[in-house]
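Colleague: First to last, the sequence lines map onto chains W and R. For the first sequence, the residue numbers in the numbering used here are 13 to 139. For the second sequence, the residue numbers in the numbering used here are 13 to 139. Got a structure for you, questions after.
Number of protein chains: 2
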Amino acid sequence: MKRNTWQREAVRDALTESEGFVSAQALHTALRDAGSAIGLATVYRALADLAGTGDADSLQQDGESLFRACTPDSHHHHLICRNCGTTVEIKADAVEEWAKNVAAEHGFTEPHHIVDVFGLCPACSST
Amino acid sequence: MKRNTWQREAVRDALTESEGFVSAQALHTALRDAGSAIGLATVYRALADLAGTGDADSLQQDGESLFRACTPDSHHHHLICRNCGTTVEIKADAVEEWAKNVAAEHGFTEPHHIVDVFGLCPACSST
DNA sequence: ACTCTATTGATAACGAATCTCATTACCGCT
DNA sequence: AGCGGTAATGAGATTCGTTATCAATAGAGT
Ligand SMILES: [Mn+2]
Ligand SMILES: [Mn+2]
Ligand SMILES: [Zn+2]
Ligand SMILES: [Zn+2]
Chain W
13 MKRNTWQREA
23 VRDALTESEG
33 FVSAQALHTA
43 LRDAGSAIGL
53 ATVYRALADL
63 AGTGDADSLQ
73 QDGESLFRAC
83 TPDSHHHHLI
93 CRNCGTTVEI
103 KADAVEEWAK
113 NVAAEHGFTE
123 PHHIVDVFGL
133 CPACSST
Chain R
13 MKRNTWQREA
23 VRDALTESEG
33 FVSAQALHTA
43 LRDAGSAIGL
53 ATVYRALADL
63 AGTGDADSLQ
73 QDGESLFRAC
83 TPDSHHHHLI
93 CRNCGTTVEI
103 KADAVEEWAK
113 NVAAEHGFTE
123 PHHIVDVFGL
133 CPACSST
C-alpha cells in the first residue's frame with residue numbers, strides 16, 4: 013500500500029508554489045534552502061509519482077525533465093516563457109482532434125502527442 | 013571557414029539512409045560496423061551542425077536526442093512509431109496558425125513550438 | 001609545397017537520473 | 001498504546017548520454 017510521508021507532501025507543496033516548470037534538482041535545492049532535510053532521490057521519486065497520477069505535468073528541455081503542478085483530470089498543453097518559466101495552461105480541442113486524425117490517416121494506433129508552445133512572456137518581452 | 017570532410021559526408025549519408033529517428037550513438041555504431049573509423053565526438057558534432065543548418069530535425073525521447081534527415085526549408089512535424097522509429101513527415105498549417113495565435117493572445121512574443129505525434133505504425137500495430 | 005588553422009578522435013570530465021541497501025517510520029492490527 | 005511487517009527514505013555509488021580537452025591530422029588558399 014502507498015504510505016503518506018511528509019516528504020511527498022513537501023514536494024507537492026513546493027511544486028504548487030512554483031510559478032512555472034522546475035527541475036527536480038532545482039526543487040531539491042529550494043527545499044534544502046528552506047530547511048528541509050529531504051533527499052534528492054526522494055524528490056525524483058515523488059515527482060515521478062505525481063507525474064504518474066496526473067497531478068504533475070512534465071516536459072523535457074535541454075536534456076532535463078521539468079515538472080509543474082497541474083489541474084488533474086484535464087488534458088491540456090502549455091505556453092511557456094523560455095526566459096523565466098512562467099506558464100499558461102491551454103486547452104486546444106482542435107489540436108487534440110488533429111493529432112488523433114493524422115495518426116489514424118496513416119494507420120498509426122495508440123496515438124499520443126507532445127504539444128508545447130514557447131515564447132517570451134509580456135514581462136520578459138518588454139526588457 | 014567551414015571545411016569539407018569525409019566524416020561529415022558519412023554522417024549525412026548515414027542519416028539519409030536511416031528510416032526514422034536515430035540517436036548519435038546508434039549512428040556511430042552503424043558507421044563503425046560498416047567499416048568507418050569515424051569518432052563518436054565527430055558524429056555528435058556533425059549532427060549538431062546538420063540540426064543547426066536545418067538539414068536535420070531532432071527530438072528528445074527518454075532523455076536522449078534523436079535525429080533524422082529532413083526536407084530543408086520546409087517546416088513540418090512528425091508522426092513517429094515509438095516501437096521501430098518509422099517516421100512520417102506531416103504538414104499542419106492549421107497547427108502553425110494555432111500556435112502563433114495562442115502565443116499572441118497571451119502577449120507572448122517570438123513563439124516557437126514543439127509538436128510531435130507518437131503511435132504504433134501499421135506494421136508494429138499488427139503484432 | 002608551404003602554412004595556417006579548422007577538424008578530428010581517444011580520453012577525461014560532466015551532469016541528470018537511477019540504483020543499492022542499511023536505516024527509518026508509516027500504518028494496520030491487536 | 002505497543003508491535004511488527006514492510007514501504008519509503010537517503011547518502012553514496014553507478015549508469016549513461018553528452019561535452020570538453022588537446023595533441024595530431026588534414027582541408028584549402030597562396
Ligand atoms: Mn493534447
Ligand atoms: Mn509547426
Ligand atoms: Zn518570462
Ligand atoms: Zn513501427
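Built from N, CA and C at the ideal position, the CB exists for glycine as well.
#1: Measure from the C-beta of C93 of chain W to each C-beta in chain R and report whether the shortest distance is under 8 Å.
#2: Hey, L62 of chain W and A68 of chain W are a contact pair by Cβ (cut 8 Å); roughly how many whole angstroms apart?
#3: Kindly indicate if chain R contains any beta-carbon less than 8 Å away from that of T121 of chain W.
#4: May I ask whether a heavy atom of ligand 1 can be found less than 7 Å away from the beta carbon of H118 of chain W?
#5: Does the distance from the CB of S70 of chain R to the CB of F79 of chain R come in under 8 Å?
#6: Just to confirm before moving on: does the CB-CB distance between P107 of chain W and V129 of chain W stay below 8 Å?
#7: Using a Cβ-based criterion (distance less than 7 Å to any ligand heavy atom), does V127 of chain W qualify as near ligand 1?
#8: Report yes if the C-beta distance between A58 of chain R and Q19 of chain R is below 8 Å; otherwise report no.
#9: R49 of chain R: which of R:E29, R:C82, R:V23 and R:L27 sits nearest, CA to CA?
#10: Relative to the alpha-carbon of T99 of chain W, which residue among W:A81, W:E21 and W:D74 has its alpha-carbon at the smallest distance?
#11: On the CB-based measure, 16 or more other CB atoms within 10 Å of its CB, does A135 of chain W come out buried or exposed?
#12: With 16 as the cutoff for other CB atoms within 10 Å, does G97 of chain R come out buried or exposed?
#13: Return the Cβ separation of F33 of chain W and I92 of chain W in integer angstroms, given the expectation that the two are a contact with Cβ distance under 8 Å.
Modeller: Reading from the atomic positions:
#1: For the purposes of this step, residue 93 of chain W is taken as residue 81 along the first sequence, with counting starting at 1. Yes, contact with chain R.
#2: As a working mapping, residue 62 of chain W is identified with position 50 in the first sequence. As a working mapping, residue 68 of chain W is identified with position 56 in the first sequence. Rounded, the Cβ-Cβ distance is 4 Å, consistent with contact.
#3: If you number the first sequence from 1, residue 121 of chain W lands on position 109. Taking Cβ atoms only, chain R reaches closer than 8 Å to T121 of chain W, which makes this a yes.
#4: Counting from 1 along the first sequence, the entry for residue 118 of chain W is found at position 106. It does not: the Cβ of H118 of chain W is nowhere closer than 7 Å to a heavy atom of ligand 1.
#5: Here residue 70 of chain R corresponds to residue number 58 of the second sequence, with the count starting at 1. Here residue 79 of chain R corresponds to residue number 67 of the second sequence, with the count starting at 1. In contact: S70 of chain R and F79 of chain R (Cβ atoms closer than 8 Å).
#6: In the first sequence, residue 107 of chain W corresponds to position 95, counting from 1. In the first sequence, residue 129 of chain W corresponds to position 117, counting from 1. The identity of residue 107 of chain W in the sequence shown is Val, whereas the question assumes Pro. Not a contact, by the Cβ cut-off of 8 Å.
#7: Here the question's residue 127 of chain W lines up with position 115 in the first sequence. Because some heavy atom of ligand 1 lies under 7 Å away, the Cβ of V127 of chain W counts as near it: yes.
#8: Numbered from 1 along the second sequence, position 46 holds the residue referred to as residue 58 of chain R. Numbered from 1 along the second sequence, position 7 holds the residue referred to as residue 19 of chain R. Yes, these two residues count as a Cβ contact at 8 Å.
#9: Taking the first residue of the second sequence as position 1, residue 49 of chain R is located at position 37. This sequence places Ala at residue 49 of chain R; Arg is not what is there. Checked all of R:E29, R:C82, R:V23 and R:L27; the closest Cα to A49 of chain R is R:V23.
#10: Within the first sequence, the letter at position 87 stands for residue 99 of chain W. The shortest C-alpha separation from T99 of chain W is found at W:A81.
#11: One-based indexing of the first sequence puts residue 135 of chain W at position 123. Exposed.
#12: If you number the second sequence from 1, residue 97 of chain R lands on position 85. Buried, because 16 or more other Cβ atoms sit within 10 Å of the Cβ of G97 of chain R.
#13: Translated into positions along the first sequence, residue 33 of chain W becomes position 21. Translated into positions along the first sequence, residue 92 of chain W becomes position 80. That pair is a contact at about 6 Å.
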